[in-house]
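Peer 1: What follows is a single structure, and I will ask about it in a moment.
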Amino acid sequence: MSRGRPRSFDTEAAVERAMGVFWSRGYHATALPDLLRATKLSRGSLYAAFGDKHSLFLRALDRYVANALTRMDTELDPRREPVDGLRAYLAGYVDRTSGANGRRGCLLVATAMELAGHDAEVDRRIGSFFKAMEARVADALSRAKAAGKLADGVEPSSAARILVCFVEGLRVVGKTAPTRITSQATVDALLDRFIR
1 MSRGRPRSFD TEAAVERAMG VFWSRGYHAT ALPDLLRATK LSRGSLYAAF
51 GDKHSLFLRA LDRYVANALT RMDTELDPRR EPVDGLRAYL AGYVDRTSGA
101 NGRRGCLLVA TAMELAGHDA EVDRRIGSFF KAMEARVADA LSRAKAAGKL
151 ADGVEPSSAA RILVCFVEGL RVVGKTAPTR ITSQATVDAL LDRFIR
């Protein structure tokens, strides 16, 4: 049985470009011609590689999540002093919420607002991502507690939940273009409540 012609394009690069379109326009506002233009694929190649718009969107969302978790793993690396890791993690959010990056917003937050409650696959992915974020932050806070760096009465899992809600809220507020100084001062004020 013939397998057909091998693909003559980089699938991952196509997913990356599609992610940019979904991130800029949202799921519903992204039309097939937008994806064809961005990926430089024909309709047949796009459908053969990804199935349909929804499947391509899920691949793009998975890529976004993988990139975000890789970044977190670097920032919160267990070999790093935990408070320094938390500061690096929060500084990354300040960078991502300032200027043009901030106005772009967060693909996951935008997707949650657009599709949550209407798309079980999206709900599962977003829920898993937020749990993974929370677990990584809780681990860093637990290491800080073990090192005697956490303020009295701070429970790592509750503080992690607060920090995850905070950084995702910072992504939303970032769309209104607050200054980097304001965002950093807010981040510092919150973290200083949790550490000694």
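UniProt numbering puts the first residue of the sequence shown at 1, with every later residue one more than the last.
All C-beta atoms in this analysis are idealised placements derived from N, C-alpha and C, irrespective of residue type, glycine included.
Out of curiosity, what's the CA-to-CA distance linking A146 and T74?
Peer 2: Taking the first residue of the sequence shown as position 1, residue 146 is located at position 146. Taking the first residue of the sequence shown as position 1, residue 74 is located at position 74. Looking at the two C-alpha atoms, the distance is approximately 21 Å.
Peer 1: Beta-carbon within less than 7 Å of F130's beta-carbon, same chain only, minus the 5 sequence neighbours each way: which residues are those?
Peer 2: Your numbering for residue 130 matches position 130 in the sequence shown. For F130, where only same-chain residues beyond five positions count, the Cβ hits under 7 Å are V164.
Peer 1: Determine the direct distance from the alpha carbon of T97 to that of L56, and round the result to whole angstroms.
Peer 2: For this step, residue 56 is matched to residue 56 along the sequence shown. For this step, residue 97 is matched to residue 97 along the sequence shown. Near 26 Å, if we compare the C-alpha coordinates of T97 and L56.
Peer 1: Could you check if M133 is buried or exposed, using at least 16 other CB atoms within 10 Å of its CB as the buried criterion?
Peer 2: Here residue 133 corresponds to residue number 133 of the sequence shown, with the count starting at 1. Label assigned to M133: buried.
Peer 1: For D77, which residues in the same chain have their Cβ closer than 8 Å to its Cβ, ignoring the five residues on either side in sequence?
Peer 2: For the purposes of this step, residue 77 is taken as residue 77 along the sequence shown, with counting starting at 1. Only G85 meet the Cβ criterion.
Peer 1: Are the beta-carbon atoms belonging to A160 and A138 less than 8 Å from one another?
Peer 2: One-based indexing of the sequence shown puts residue 160 at position 160. One-based indexing of the sequence shown puts residue 138 at position 138. Yes, these two residues count as a Cβ contact at 8 Å.
Peer 1: For S2, does the count of other Cβ atoms within 10 angstroms reach 16, so buried, or fall short, so exposed?
Peer 2: The count along the sequence shown starts at 1 and reaches residue 2 at position 2. Since pLDDT at S2 reaches only 45, below the 50 mark, its modelled position is unreliable, and the value read off the structure follows with that caveat. When all chains shown are included, S2 counts as exposed.
Peer 1: Quick one: what does DSSP say L36 is sitting in, helix, strand or coil?
Peer 2: Taking the sequence shown and counting its residues from 1, one reaches residue 36 at position 36. Looking at L36 - three-state DSSP - the assignment turns out to be helix.
Peer 1: Work out the CA separation of G148 and H54 for me, nearest whole Å.
Peer 2: Start at 1 with the first residue of the sequence shown, and residue 54 comes out as number 54. Start at 1 with the first residue of the sequence shown, and residue 148 comes out as number 148. Each residue's Cα considered, the two are about 47 Å apart.
Peer 1: Once the 5 residues before and after P82 are set aside, which same chain residues still bring their CB inside 6 Å of it?
Peer 2: In the sequence shown, the residue the question calls residue 82 occupies position 82. Closer than 6 Å at the Cβ level, and outside the excluded window around P82, lie A140, R143, A144.
Peer 1: Within 10 Å of its beta-carbon, does G169 have 16 or more other beta-carbons around it, so buried, or fewer, so exposed?
Peer 2: Looking up residue 169 in the sequence shown gives position 169. Exposed, because fewer than 16 other Cβ atoms sit within 10 Å of the Cβ of G169.
Peer 1: Helix, strand or coil: which one does DSSP assign to L150?
Peer 2: Along the sequence shown, one-based indexing puts residue 150 at 150. The answer is strand: DSSP assigns L150 an E or B state.
Peer 1: Using the Cβ count rule (16 or more neighbours within 10 Å means buried), how would you classify T111?
Peer 2: In the sequence shown, the residue the question calls residue 111 occupies position 111. Buried is the call here.
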